[in-house]
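Position one of the sequence shown corresponds to residue 12 (this note's numbering), numbered consecutively onward.
In what follows, a structure is listed as structure tokens, so that the remarks can point back to it.
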Amino acid sequence: MFRMSTDIKADAAQAIAWDLIRLLHQGAGADDFAARLAEAESLPDSEGDKAGLIELVRMAMALRNRLELSQQRESGMLAVIESARDLSSHLDLAELLQAIVSRARNMLGSQVAWLSTYDTALEAFHVIAVDGALARSTGNMTASNDHGIVSVVVRTRLPFTTPDYLSDTRFTHDPALDATFRDEGVAAVAGVPLLWEGEVIGLLFVADRYHRTHTAHNISILSTLATHAAVAIKNAKAFEQANAARASAETARAELERHARKVQAAAEAHEQMTSLLARGASLATLCEAVAQLMQGCLLVLDEAAQVIARGTAPGYDGAAALRYEPNGHHSSALAKAVRESRQVGRSVLAYEVDGEACRVNAVIAGDDMLGSVLLFRRDALDEMSVRTFERATSVVGIVLLARERSEASQSRDESSLLRALVSPRQDDVPVLCERAARFGLELTQPCTFLLLDLGEPNAGQVARRLRTGKLLPHAIFDEMDGVLTVLCATTQAENVRRVVTELARNGAGAQWRGVVSRPLSGAPSLPAAFLMLRRALPVLRRLGVQGHIVSQNEMALYSTLFETHDQQSLAAFLESTIGALTGYDEKRGTELAPTLLSYFDSNQNAKLAAQRLGIHVNTVRQRLATIEDLIGHLGNASRALEIHIALRLWNLTRDAP
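This is the structure:
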């Protein structure tokens with residue numbers, strides 16, 4: 012009821028007026044003013060100006076509503092100002108969007124608020140900030156462009172409100188979203204777009220768990236906050252793009268610096284190689300320098316894949332280069348890589364073993380193959396390092412070419428001398444002896460010829476290998492008509508035979524054969540001995556001898572008798588003469604053929620043959636009886652000679668490995 016001031020005596024109207032002013036001052040609620048209106052309307056009609064009093068209360072109520080609206084607008088402006096202040100603060104994007112969502116919920120007095128942005132991976136709008144949610148699924152909601160309020164806001168780019176979301180038929184419902192809203196208890200929903208240059212990049216929602224209709228003022232505040240959120244998102248993206256551009260620029264600058272350092276290092280390496288070349292450095296010194304530059308191990312191979320130089324960087328512990336063999340496990344891969352390198356004119360990766368990579372670069376001079384360079388490293392090479400290796404290979408190629416020219420000059424001198432010595436018309440023998448002495452060969456002392464018939468690689472390659480490796484320092488040798496011809500002192504003959512045999516086995520397998528002469532006295536005896544050895548080589552080929560060097564004494568008779576025959580006719584001769592004998596030995600494991608050969612070589616003396624064979628003389632006589640049963644009587648001289656020759660031929664082919 013109205014209370015009257017004890018100091019002021021006034022009528023009821025004055026009391027109501029003073030009470031209304033007090034309520035306005037206290038910011039009383041609408042219910043208090045409604046109660047005053049009800050009291051005024053209940054006064055008797057005789058109580059003064061009742062109608063004026065009611066109008067006074069209604070005016071106070073209108074003033075109270077205007078004050079409340081003004082406060083709401085002021086509060087909204089403060090929220091907008093605070094959001095704008097947040098945009099310029101140091102909050103990160105997630106904190107800023109969360110602050111905007113919380114502010115929207117508090118300003119509109121809603122129970123739930125959330126903000127969604129478009130996720131290109133999901134092709135839908137996904138919640139990234141939520142406030143007031145009770146259900147866990149609310150913070151994980153996704154909505155496509157054609158369902159729910161999202162479909163309306165995206166299509167119209169305008170705010171949308173509904174007092175009862177689940178019952179609203181103005182849009183297509185998404186069962187998953189409807190289930191989430193039921194779990195959350197949502198009824199009324201208001202959503203506004205986050206617009207940027209006409210594109211909806213997100214949406215800001217507020218929701219209540221009761222039916223509610225939002226005023227235009229509420230929607231205006233919500234739209235302003237949504238605009239701030241759009242600005243924040245775009246600013247964040249622009250900032251990310253700026254950071255990415257700055258990082259890219261830093262990366263590009265760092266890459267440019269690295270490239271400049273690599274170019275400088277490559278230039279210094281090229282200068283070092285050029286300096287070594289100008290000073291006439293040896294191939295070994297050059298290999299060591301390149302290996303140190305490339306931090307690996309370097310091998311220089313000739314055209315037959317034989318190592319002629321190597322270098323290893325200090326501290327490099329790779330074992331692949333040490334295990335390299337011309338005919339090793341990786342020879343086929345290496346040969347393929349060399350062919351590819353020759354075709355493309357660049358280095359290529361040949362193979363990898365135990366963490367080490369082998370890169371090969373062919374060394375070419377015109378149409379000729381000088382060899383190849385192998386680089387073994389554990390770490391991969393960048394393009395600049397590959398170029399440095401290839402430039403170093405070019406320098407190695409220059410050295411190899413210079414060596415080849417020097418060796419070619421020496422080879423021409425040796426070849427000219429060798430051909431002059433074996434020529435039937437030897438001109439000025441003293442001059443030839445003097446020239447031979449310059450190569451370390453004294454023709455006044457006994458000397459020996461060795462001729463080698465090779466398949467692949469050819470005799471020229473073996474001759475170059477001998478010359479490059481300086482394997483025969485006091486001998487004259489060259490390829491003559493496809494045959495390796497070596498003339499050396501007789502005292503060096505065994506060593507020459509060993510070296511040549513090793514090279515032939517490594518390079519040609521078993522596809523080779525050779526003949527070595529008896530000691531020769533003086534230059535005049537050389538032409539005839541050479542001619543005889545040349546006649547012996549085709550006989551060895553027809554006999555099927557390979558992988559073996561025989562002496563001239565073993566070949567003299569056969570060169571005369573069979574040099575025009577082929578291997579098939581010789582095999583037929585052996586079969587018709589001693590085939591029954593050798594066949595008997597093969598079937599029964601006996602030694603009849605060796606016994607008969609020893610008997611003939613002992614001038615048909617059974618006792619001497621038994622001593623050579625290390626058996627009893629009676630055993631020899633028993634074997635001879637069996638032999639005569641197989642091939643007939645041995646008393647005829649011509650028949651015995653034919654059988655003896657056949658046995659010698661058979662023994663020669665049997666000795667070949």
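C-beta atoms are modelled at their ideal positions from N, C-alpha and C, and glycine is treated no differently.
Model, not experiment: these values are computed from the prediction.
**Prompt:** DSSP on ASP130, reduced to helix/strand/coil?
**Reply:** strand
**Message:** Determine whether the beta carbon atoms of LEU495 and VAL473 lie at a separation below 8 Å.
**Reply:** yes
**Close beta carbons around ALA657, own chain, < 6 Å, minus the five adjacent residues each side** = LEU585, THR588 and ILE589
**Inter-residue Cα distance where the pair is ARG116 and SER155** = 24 Å
**Message:** By DSSP's criteria, ILE560 is part of a beta bridge. Which residues make up the other side?
**Reply:** GLY525
**Request:** State yes or no: is the beta carbon of LEU531 nearer than 8 Å to at least one beta carbon in chain B?
**Result:** Chain labels in this structure do not include chain B; a single protein chain is all it has.
**Message:** In whole angstroms, give me the CA-to-CA distance for LEU297 and TYR362.
**Reply:** 24 Å
**Request:** Quick one: measure Cβ to Cβ for THR682 and LEU531, integer angstroms, because I've assumed they're closer than 8 Å.
**Result:** Because the chain here runs from 12 to 668, residue 682 falls outside it and cannot be looked at.
**Message:** Which residue wins for smallest C-alpha separation from PRO170, given the options ASP30, GLY202, GLY558 and ARG147?
**Reply:** GLY202
**Asked** In this structure, does DSSP put GLU574 in helix, strand or coil?
**Response** Confidence at GLU574 is low in this model, with a pLDDT of 49, below 50, so its placement is unreliable and the value that follows should be read with caution. It is coil, neither helix nor strand.
**Prompt:** In whole angstroms, what is the alpha-carbon distance linking SER426 and GLY307?
**Reply:** 40 Å
**Request:** Note down, in chain order, each residue of its chain lying with its Cβ closer than 8 Å to the Cβ of THR575, except the 5 sequence neighbours on either side.
**Result:** Annotation note: pLDDT 47 at THR575 (below 50); position unreliable, no value reported.
**Beta-carbon proximity check, ARG516 vs GLN563, cutoff 8 Å** = no
**Item:** Bounding residues of the alpha helix (DSSP H) (the contiguous stretch that carries ILE319)
**Value:** That residue, ILE319, is in no alpha helix (DSSP H); its beta strand (DSSP E) goes 318-323.
**Message:** Using C-beta distances below 7 Å, list every residue in its chain close to THR191, excluding the 5 sequence neighbours before and after it, in chain order.
**Reply:** ALA146, SER148, THR149 and MET152
**Three-pair Cβ contact test at 8 Å for the segment 250-259 versus the segment 127-143** = no
**Request:** Count the C-beta pairs between the segment 209-218 and the segment 105-123 that are closer than 8 Å, then say yes if the count reaches three, no if not.
**Result:** yes
**Item:** Member of ALA621, GLY600 and THR601 whose CA lies at the smallest distance from the CA of TYR610
**Value:** ALA621
**Item:** Pick from THR630, GLN437, ALA540 and SER613 that is closest to VAL526, judged by C-alpha positions
**Value:** ALA540
**Asked** Three-state secondary structure (DSSP) at GLU210?
**Response** strand
**Prompt:** What residue does the beta strand (DSSP E) around PHE488 start on, and which one ends it?
**Reply:** 486-491
**Asked** At what residues does the alpha helix (DSSP H) containing GLU1 begin and finish?
**Response** The structure shown does not extend to residue 1, since the chain is modelled only from 12 through 668, so no value can be given for it.
**Asked** Quick one: what's TYR362 bridged to in DSSP?
**Response** CYS369
**Message:** So, under 8 Å CB-CB, LEU608 and ARG634 are touching, yes? Tell me the CB distance rounded to an integer number of Å.
**Reply:** Contact doesn't hold; Cβ gap of about 12 Å is too wide.
**Message:** Counting C-beta neighbours from all protein chains within 10 Å, is the total for GLU490 16 or more, i.e. buried, or is it exposed?
**Reply:** buried
**Asked** alpha helix (DSSP H) containing ARG116: first to last residue?
**Response** 104-119
**Request:** Compute the distance between the beta-carbons of SER434 and PRO538, then report whether it is under 8 Å.
**Result:** yes
**Message:** Here's the rule I'm using: 16 or more other beta-carbon atoms within 10 Å means buried, otherwise exposed. How should GLN317 be labelled?
**Reply:** buried
**Asked** For the 8 Å Cβ check, are there 3 or more pairs between the segment 180-189 and the segment 219-233?
**Response** no
**Message:** Quick check: what's the CA-CA separation for LEU488 versus LEU385?
**Reply:** Reading the sequence as shown, one finds Phe at residue 488 and not Leu. Answer to the nearest angstrom: the Cα atoms are 30 Å apart.
**Request:** Say yes only if the C-beta of GLN354 is nearer than 7 Å to one or more non-hydrogen atoms of the ligand ADP, and no if none qualify.
**Result:** Of the ligands one can find in the structure shown there are none, so the ligand ADP has no counterpart to examine.
**Selection from ASP185, VAL200 and SER234 that minimises the alpha carbon distance to THR172** = VAL200
**Message:** Going by DSSP, what residue range makes up the beta strand (DSSP E) through VAL311?
**Reply:** 308-312
**Request:** For VAL397, collect the residues of the same chain with a Cβ closer than 7 Å to its Cβ; drop the 5 residues on either side in sequence, then sort them by chain order.
**Result:** SER358
**Prompt:** Taking all protein chains shown into account, do 16 or more other C-beta atoms lie within 10 angstroms of the C-beta of PRO55, making it buried, or fewer, making it exposed?
**Reply:** exposed
**Item:** CA nearest to the CA of LEU463, picked from PHE387, SER162, HIS341 and ARG545
**Value:** ARG545
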